[in-house]
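As structure tokens, the structure follows; a few thoughts come after it.
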Amino acid sequence: MHAGTTDHPSDPGILGRAAELGRLDRLLGAVDGGGPQVLVLTGEPGAGKSTLVDRAAERGRDRGLGILRVRGSEGEAGLGLSGVHQLLHPLLPGEGLPAGQREALDRAFGPDAARYELKLDQLSLCVGVLGLITEAAARRPLLLLVDDAQWLDLGSVDVLAFLARRLEGRPVVLLLAAREDGVPARFDRAFPQITLGPLSRTAAGQLLDAQPDPPRGKVRAEILQQAAGNPLALIELPRALARGRSGDMGAGGAGGATLPLTARLENLFAADLPGLPAPTRAALLLVAAAGPARLTDLMRAAPELDVVAALDPAERAGLVRVADGGVLLRHPLVRSAVYHAASFHERRQAHLALAAALAGEPDRRAWHLAAAATGQDAEVADALAESAERARSRGGYAAAATALERAAELTPAPDLRARRLLTAAQAAMFAGHPQWVGELSGRVGGMTEDPRLRAEASLLGGWALGVTLRHEEALALLLGVAEATAASAPGLALGALSTAATSVYNSGAPYYRAELDRIGGLIHGDGDPAGRAWARSVIDPVHERPHLARHLAEGLAALAQDESLGNLTALGGATWILDETEQAVRVLGRTMDLLRRAGSAGTNATVTQALALALFENGSWTAAQDAAHDAFWMATEAGADNVTVGARILRATLRALQGDPASARTEATQAVRGVDLRRSLSLQVRHRHAMGMAAFVTGDHADAYEQLRATFTRDFRPAPVHYHASLYYLGDLAAAAVRAGRADEARTVVDAVRQDLKPDPSPRLAAVLHRATALLTETDDAERHFRAALDDPATDCWPFEKALAHLDFGEWLRRRRRSAEARPHLNAALECFQRLDARPWTERTRAELRAAGAATATAPAGELTPQERQIAELAAQGLTNRDIAARLYLSPRTVGYHLHKIFPKLGITARAQLRDALTQEDQG
1254 MHAGTTDHPS DPGILGRAAE LGRLDRLLGA VDGGGPQVLV LTGEPGAGKS
1304 TLVDRAAERG RDRGLGILRV RGSEGEAGLG LSGVHQLLHP LLPGEGLPAG
1354 QREALDRAFG PDAARYELKL DQLSLCVGVL GLITEAAARR PLLLLVDDAQ
1404 WLDLGSVDVL AFLARRLEGR PVVLLLAARE DGVPARFDRA FPQITLGPLS
1454 RTAAGQLLDA QPDPPRGKVR AEILQQAAGN PLALIELPRA LARGRSGDMG
1504 AGGAGGATLP LTARLENLFA ADLPGLPAPT RAALLLVAAA GPARLTDLMR
1554 AAPELDVVAA LDPAERAGLV RVADGGVLLR HPLVRSAVYH AASFHERRQA
1604 HLALAAALAG EPDRRAWHLA AAATGQDAEV ADALAESAER ARSRGGYAAA
1654 ATALERAAEL TPAPDLRARR LLTAAQAAMF AGHPQWVGEL SGRVGGMTED
1704 PRLRAEASLL GGWALGVTLR HEEALALLLG VAEATAASAP GLALGALSTA
1754 ATSVYNSGAP YYRAELDRIG GLIHGDGDPA GRAWARSVID PVHERPHLAR
1804 HLAEGLAALA QDESLGNLTA LGGATWILDE TEQAVRVLGR TMDLLRRAGS
1854 AGTNATVTQA LALALFENGS WTAAQDAAHD AFWMATEAGA DNVTVGARIL
1904 RATLRALQGD PASARTEATQ AVRGVDLRRS LSLQVRHRHA MGMAAFVTGD
1954 HADAYEQLRA TFTRDFRPAP VHYHASLYYL GDLAAAAVRA GRADEARTVV
2004 DAVRQDLKPD PSPRLAAVLH RATALLTETD DAERHFRAAL DDPATDCWPF
2054 EKALAHLDFG EWLRRRRRSA EARPHLNAAL ECFQRLDARP WTERTRAELR
2104 AAGAATATAP AGELTPQERQ IAELAAQGLT NRDIAARLYL SPRTVGYHLH
2154 KIFPKLGITA RAQLRDALTQ EDQG
């Protein structure tokens, strides 16, 4: 898309891309801070993505940035971490890194990586890569360029996504380009994105007229129509015309069959090949089959061929570029055209030759042998399975799943084929790709009659469906497996039942809870007490809570014998749903430790969201915010829609409670866009609560009431919309009802819930019910309910809910001219609200205290809080954000947030000024 004129003055030669070039400029400027540091560039093949990537490299060099590049290759898409290796090669081995990070990089990329048997977890590798980039950026700001990302191996995509989310505060920017229908799932929604659409007719005409032999008249109009604004087609079609192919093109444009633009371009590139010498075509085919082609590999693969001389005509024709010991094709479509223009026999011979040349690289050799296979081949399948095991031992679950999927296709024995496909699905689950898990597990049933394998495949398929919010389909599979195997394989049945319990809870439908109960009764034996505790807890956590204590105790006791991921996950959920919140935080935190060591991105998202909810409820709001943020990113990458929605709803709730109702509403609305909440009642009521609290904070009590009222049915005898989650919003419903003048209607809800909760609700639910009753009671009997809501020390586990009760009671007392009694309650509420940064409630409590005759101090705007002072002092000593975070049990992101507020308070702009600023403050 280069030409002699331009609409971007500083970029002569690029037409029709002024807006996109401006975005690149802003991206490069972000290396100095300010603005997004990641940009995703998409477009159809030939849209000019590589041209803009090249231009970004030129501009980056002009700015003095270091450039690291990787270009995806279809031929290496199955080789774990090949893309990251290409990107990092100039920086390896990372001698200046800490030993642990250097060891992780050496395991993944060192000379013995293919034979290394020690397990490398994904997190260690990602942290090592981040450390390597950070170290390099400290010497010179970096521009990371990723082209043809649609062909990167999934392991590299995972590492790049981890890196992209942690660039803040580092002088590094990332530009990733991919075909619009092939943007890696880790990048398709999470980062700013621009799409290179078709050129305007004016720009397309200018580009066409700038070609060496510009067409005229009708042919020109025909090319413009056929090119449809694709820059590469506008460049290539005139070349085809100059070679005398106008008749064929004209026939197509006159109403003959047309092909998709990408297919037209691939066929166009193939038309160049017949005119090249036979040795050149043979060398090009080797290049196309090899992916990123090293000259030494090509020479070993074709010893009878002078590869360098053979490639000369192709290089002169502009098809390839030979440099730095490698061969680069002009465009990926050239590779596709060359490859598919050859016969299968020719392609097979090329792969066999490359396999022979790569005898010392077992992973690449296995893939070439697989590409050359003419049918099922046990030896090649075994080689790929071994390659998968090596990838998995290094934490490369995505590469392992890819290799196992192909190995299954080549495996002659049906049961082994099914088993390998099932193992591929398990690896895909740990890699965090539920849609892929569903596809792989769905194929197992057609390969084997083994009931055990079919049941395990259904279990994985059910997990994938549940994670993607398809609860009804998930439960049809999982409950079916549980019932079918209840007698023959009770362990498998319990596993299916435990997995089903998550969808049963999220669905909230009474029918599925009844089925969970019925099928659970068919499974006998004492196996998997943790899974049984979770399943039983989901059925009726409110009324059966006293009886469930035994199951919970048995499950927790089992942890002493087997602290497995399954046990921890199940018990984390069970303790949370039964209002053992502090225990839930401990168990779920331990689960996260185990998951990080295993590098299991797929299940991390679900557990992280559960941990975020527990942290929110027990008053650890900063940690909850961090966990919700992490859960959202993990889920976005994994395609775990249930967590993507849930994490955003929690973030919206926190924003509302901390005084940002506008962004809370925006976040909550965006979270559920396109989601049918009728099929996920837990998310439905949580969304209503977030919207209700956002309205309450703005003073729109009527809307707040309507939103919160919608968490209960409109029946004559109201019932919770979600049998568990709705109950905890009863106090907020009552508070909104009083202010909206709807107390009578709210009373019917509270009365119905009170009758249903008898005789023994949890201390938390009892306190919520007493607070709601007190707020709606117009007589002095309200005092008894307020005190009941506050007197049980067990409710200290839920500080925000208790602080609300203190505030409500303090207001009630003050209005009855009992200000001296009110002040202790108001002070207790204020302390909690200030700690949680619940600004709307802080201001309301201060106003009540002033009305009650108490003096309330407000810190000057420029004064540091105790935590800010502590962070500032540590930073002044030279500690990094990560060091400070470890010392104060915060996240590095939270430390950075506080420093962002500290600098303007102290009137400084750089970390180096902290020591002097703190000294001056002390003297002042």
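Numbering (my numbering), first residue to last: 1254 to 2177. Beta carbons: idealized from backbone N, C-alpha and C, even for Gly. Note that the structure is predicted; figures quoted are calculated from it, not measured.
Where the alpha helix (DSSP H) through T1676 begins and ends
If you look at T1676, you'll find it in the alpha helix (DSSP H) that goes P1667 to A1684.
I need the DSSP call for L1693, collapsed to helix, strand or coil.
In this structure, DSSP gives L1693 a helical state, which the three-state scheme calls helix.
Hey, how far is the Cα of G1347 from the Cα of R1355?
Going by the C-alpha atoms only, they are around 6 Å apart.
Going by the DSSP bridge assignment, what does Q1446 pair with across the sheet?
Looking at the DSSP assignment, Q1446 forms a beta bridge with V1293.
With a threshold of 16 other CB atoms inside 10 Å of the CB of Y1764, please say whether the residue is buried or exposed.
Looking at its Cβ environment, which holds fewer than 16 other Cβ atoms inside 10 Å, Y1764 is exposed.
Between D1577, A1567 and Q2130, which lies nearest to R1588 when the distance is taken from Cα to Cα?
By alpha-carbon distance to R1588, the top candidate from D1577, A1567 and Q2130 is A1567.
The segment 1625-1634 contacting the segment 1597-1611, beta-carbon criterion three pairs below 8 Å:
Taking a cut-off of 8 Å for Cβ pairs, the segment 1625-1634 and the segment 1597-1611 touch, as three or more such pairs fall below it.
Own chain residues within Cβ distance below 8 Å of A1235, not counting five before or after:
Examination of residue 1235 is not possible in this model, given that the chain is present from 1254 through 2177 alone.
Taking buried to mean at least 16 other C-beta atoms within 10 Å of its own C-beta, is R1967 buried or exposed?
R1967 sits exposed, since fewer than 16 C-beta atoms from the chains shown fall within 10 Å of its C-beta.
Kindly list the residues whose CB is nearer than 6 Å to the CB of L1371, restricted to its own chain and excluding five residues on each side of it in sequence; keep chain order.
Residue confidence is low: L1371 scores 49 on pLDDT, short of 50, so the model does not pin down where it sits. No coordinate-derived value is stated.
At which residues does the alpha helix (DSSP H) containing A1710 begin and terminate?
Per DSSP, A1710 belongs to the alpha helix (DSSP H) from P1704 to V1720.
Less than 8 Å between the beta carbons of V1284 and V1399, yes or no?
Taking 8 Å as the Cβ cut-off, V1284 and V1399 do not qualify as a contacting pair.
For I1776, name the three-state secondary structure that DSSP assigns.
The answer is coil: DSSP assigns I1776 none of H, G, I, E or B.
Would A1989 and L1961 qualify as a contact pair, given that the criterion is a beta-carbon distance under 8 Å?
By the CB criterion at 8 Å, A1989 and L1961 fall inside the cutoff.
Extent of the continuous alpha helix (DSSP H) to which V1560 belongs
Going by DSSP, V1560 is part of the alpha helix (DSSP H) stretching over V1560 to R1569.
If you draw a straight line from the alpha carbon of Q2087 to that of A1948, how long is it in whole angstroms?
If you take the alpha carbons of Q2087 and A1948, they lie about 21 Å apart.
Round the Cβ separation of L1693 and A1681 to the nearest angstrom and send it over; I've been treating them as touching at under 8 Å.
6 Å between Cβ atoms; contact.
Return helix, strand or coil for I2161, following the three-state DSSP convention.
DSSP places I2161 outside both helix and strand once states are collapsed to three, so it counts as coil.
Comparing alpha-carbon positions, which option in P1556, M1552 and H1598 lies nearest V1580?
Of the candidates P1556, M1552 and H1598, the one whose C-alpha sits nearest the C-alpha of V1580 is M1552.
For V1540, does the three-state DSSP call read helix, strand or coil?
Looking at V1540 - three-state DSSP - the assignment turns out to be helix.
Considering only the alpha carbon of each residue, which of P1467, L1936, A1917 and L1930 lies closest to T1951?
The option with the nearest alpha carbon to T1951 is A1917.
Under the rule that 16 or more other beta-carbon atoms within 10 Å means buried, what is Q1403, buried or exposed?
Q1403 should be labelled buried.
In or out: A1510 buried (at least 16 other Cβ within 10 Å) or exposed?
With a pLDDT of 24 at A1510, under the threshold of 50, the predicted position of this residue should be treated as unreliable, and no value is reported.
Collapsed DSSP secondary structure at D1616 in the structure displayed:
Helix.
Member of R1574, D1550, P1451 and S1646 whose CA lies at the smallest distance from the CA of G1613
Ranking the options by Cα distance to G1613, first place goes to D1550.
With DSSP as the reference, label P1973 as helix, strand or coil.
P1973: strand per DSSP, three-state reduction.
Along the chain, where does the alpha helix (DSSP H) that runs through R1432 open and close?
Segment V1425 to R1432 is the beta strand (DSSP E) holding R1432; no alpha helix (DSSP H) there.
Around the Cβ of A1915, are there at least 16 other Cβ atoms within 10 angstroms (buried) or fewer (exposed)?
Result: exposed.
If you reduce the DSSP assignment to three classes, tell me which class G1384 lands in.
In this structure, G1384 counts as helix in the three-state DSSP scheme.
Alpha carbon to alpha carbon, how far is A1594 from L1490?
Using only the alpha carbons, I get a separation of about 18 Å.
With distance defined between alpha-carbon atoms, name the residue in L1809, A1300 and L2018 nearest to E1870.
Of the listed residues, the one whose Cα sits closest to E1870 is L2018.
In terms of alpha-carbon separation, which member of D1929, A1909 and I2137 lies closest to A1921?
Considering only D1929, A1909 and I2137, the residue with the shortest C-alpha distance to A1921 is A1909.
Could you give the C-beta distance for D2061 and A2027, rounded to a whole number, given that I count them as a contact under 8 Å?
Sure, about 7 Å apart at Cβ, within 8 Å.
What residues in its chain sit with their C-beta under 8 Å from that of S1453, if we drop five residues either side in the sequence?
Result list for S1453: G1269 and G1482, in chain order.
With distance defined between alpha-carbon atoms, name the residue in V1928, D1929 and A1993 nearest to A1955.
Of the residues V1928, D1929 and A1993, the one whose Cα lies closest to the Cα of A1955 is A1993.
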